[in-house]
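So the sequences go chain by chain: X and F.
Going by this note's numbering, the first residue of the first sequence is number 1, and it counts up by one from there.
Going by this note's numbering, the first residue of the second sequence is number 176, and it counts up by one from there.
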Amino acid sequence: MSANKLELIESVEVTSSTATVTLGGANWNNTYDSYMVILDGVTNDSADEIQMHLLDSSNAEITSTTYSYSFQRSTQGTSETTVKNTNTDDIQIGTTGLGTGAMFGAEFLLQDFNDATKVSTGHMDCVFQDASGKVNTETGGFFMTAAAINKGLLFRIKSNNNFLTGRFTIYGIGS
Amino acid sequence: MAGKFEKVNTFTGSSVASLTLGSIFSADYNFYNVYIRGGMTGVSDIAAERPKLKVLTAAGAEFSTGIYDFTSFELNGSNITDNNANADQDNSLLNILIAGGNTFSAHLKVFNPLSTTFYKYIWAACIGSGGYNKVGTMVKSQVAAGGLKIEVPGNTFDEIHAAVYGIKHT
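Here you go:
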């Protein structure tokens, strides 16, 4: 780890139909207190929710009801909404529509993934075109309901749909 | 350089109606953070003079009018304003300002501005004398962008500063 720097850990580009994208796991670098994740140019084959899961200390996807999240979502042409769930089995971060120019972009800040005594948390800022062709923006966060080590993230599309394009990148933030 | 958060350029102006952040987007970076701060005084109806955000082409020209969709969530004093009815506009908006306080700042996250496949998407968080404002902007163009412009037509920024940072993912 280099102090005072943003360090690239892993960048995954999707260029064809792909069910899941993993950041970390076998490539996890546990020497950072904080991580930045950027999703850019993400598109799906169906206008459905992008689901995010954390990986456990064995690099396995966590699918138990250990996620809590909330964020404020603004949608062009629709009243703003607060999206929140507790003790659920995934984090639904938004939808990418299939309209012209549609994509999903996001930046996350992850904290305490390497501390077994603390719950892993994350901040989320997202902007995307939804299934109705409307621009949406979100700000919020998530936390796990039990303290544990986590070694990365796994993204998938609801109902077993697939990513078509996108770049998923994780950086360690030196301190 | 891949995997680094690097300064692209800084811009500053005083007594100007606009600040152009030209030639900031290039193949050197994929994702950008833009930090803006400034102030306006001597504006009689400052609430009506919210800084406007526009996207520029690689040649520095403004994009077509009527292609900006944005949705804005505003925390202004004791109220929440759902400023969402903004389709086919000529620009996006940034801060909330009120009389008696004229300084503001904004943090923009710009995704993939060179893409000729995707529209231009900008996430922005702004704070001003009138409150906090979160804006999502979708510029409905598949032409590569080259820069940004912040303006208050008919009035002036006493001062305005912008710093642009880029990240190259690989």
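C-beta: ideal position from N, C-alpha, C; glycine also.
Straight-line measurement puts the Cα of G329 (chain F) at about 50 Å from the Cα of Y67 (chain X). Between the beta-carbon of G133 (chain X) and that of G99 (chain X) there is about 4 Å, and that keeps the pair under the 8 Å contact cut. Cα atoms of K158 (chain X) and D45 (chain X): separation of roughly 11 Å, rounded to the nearest angstrom. What S79 (chain X) touches in chain F, judged by beta-carbon distance under 9 Å, is D257, N259, going in chain order. Taking CB atoms only, K284 (chain F) has a neighbour in chain X less than 8 Å away.
Among the residues facing chain X, D263 (chain F) is not included, as its CB has no counterpart in that chain under 8 Å away. As DSSP reads the structure, L269 (chain F) sits in no beta bridge.
DSSP, reduced to helix, strand and coil, places S132 (chain X) outside both helices and strands of the structure shown, so it counts as coil.
Residues of chain F with a Cβ closer than 8 Å to the Cβ of Q72 (chain X) are, in chain order, F248, K309. Cβ neighbours of A262 (chain F) within its own chain (closer than 6 Å, five residues either side excluded): D244. The secondary-structure analysis by DSSP pairs Q51 (chain X) across a beta bridge with X:Q92, X:R156. N136 (chain X) has a beta carbon lying within less than 8 Å of a beta carbon in chain F. Spatial neighbours of T312 (chain F) in its own chain (CB-CB distance under 6 Å, excluding positions within 5 residues in sequence) are listed in chain order as F245, S267, I297. Per the coordinates, the alpha-carbon of L54 (chain X) lies some 21 Å from the alpha-carbon of G174 (chain X).
Within chain X, V127 have C-beta atoms less than 8 Å from the C-beta of I297 (chain F), given in sequence order. Taken through DSSP and simplified to helix, strand or coil, A148 (chain X) comes out as coil. Below 8 Å, enough C-beta pairs join the segment 277-290 of chain F and the segment 300-315 of chain F to call them touching: three or more. When DSSP states are grouped into helix, strand and coil, A26 (chain X) belongs to the helix group. For V119 (chain X), the secondary structure class from DSSP, reduced to helix, strand or coil, is coil. Of all residues in the segment 6-27 of chain X, those with a C-beta nearer than 7 Å to a C-beta of chain F are L6, E7, L8, S11, reading in chain order.
Taking a Cβ-Cβ cut-off of 7 Å, the neighbours of F293 (chain F) in chain X comprise G41, G101, M103, given in sequence order.
According to DSSP, Y32 (chain X) shares a beta bridge with no other residue. Y67 (chain X) is outside the set of residues whose beta carbon lies under 8 Å from a beta carbon in chain F. If you compare the alpha carbons of X:T137, X:T15, X:G25 with that of L154 (chain X), the shortest gap goes to X:G25. Scanning chain F for C-beta atoms nearer than 9 Å to the C-beta of I91 (chain X) yields nothing, as the closest lies near 18 Å away. Here C126 (chain X) is not near G141 (chain X), since their CB atoms are 8 Å or more apart.
Chain-ordered, the chain X residues with CB closer than 7 Å to the CB of M313 (chain F) read Q129, V135. When X:V37, X:L110, X:T81, X:Q111 are compared, the shortest CA-CA separation from V12 (chain X) is found for X:V37. At a beta-carbon threshold of 7 Å, the residues of chain X lying near T345 (chain F) are S11, ordered along the chain.
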